[in-house]
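For reference, the structure is listed below as structure tokens.
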């Protein structure tokens, strides 16, 4: 999954705003969170922004556990 994200965001694409629709996602394990955090960091480092759209209550709770706001 991380490889697919890396391909999608590319390295020469410049700043981007990624909106990741999490509608229907009920669980993200630690590996999934690590991928999201890595991809988010790559986007932010490139001057962009990543937003999570419509995360479930369970996903928001997991994000709060690691102190990440769902819209960052």
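Numbering (the numbering used here), first residue to last: 30 to 101.
Here a beta-carbon is modelled for each residue, glycine too, at the ideal position from N, C-alpha and C.
Applying the criterion that 16 or more other CB atoms from any shown protein chain within 10 Å of the CB defines a buried residue, is residue i buried or exposed?
{"i": "residue 91", "result": "buried"}
{"i": "residue 79", "result": "buried"}
{"i": "residue 69", "result": "buried"}
{"i": "residue 101", "result": "Any answer about residue 101 is weak, because its pLDDT of 47 lies below 50 and its placement is not dependable; what the coordinates show is given next. When all chains shown are included, residue 101 counts as exposed."}
{"i": "residue 84", "result": "buried"}
Just checking my contact of residue i with residue j at CB under 8 Å: how many whole Å lie between their CB atoms?
{"i": "residue 51", "j": "residue 82", "result": "6 Å"}
Given a cut-off of 8 Å on the beta-carbon distance, is the pair residue i and residue j in contact?
{"i": "residue 77", "j": "residue 46", "result": "yes"}
{"i": "residue 88", "j": "residue 54", "result": "yes"}
{"i": "residue 95", "j": "residue 62", "result": "yes"}
What is the DSSP secondary structure of residue i, reduced to helix, strand or coil?
{"i": "residue 50", "result": "strand"}
Would you list, in sequence order, the uninterrupted beta strand (DSSP E) runs of no fewer than 3 residues that lie entirely inside the segment 52-100?
-> Runs found: 78-82.
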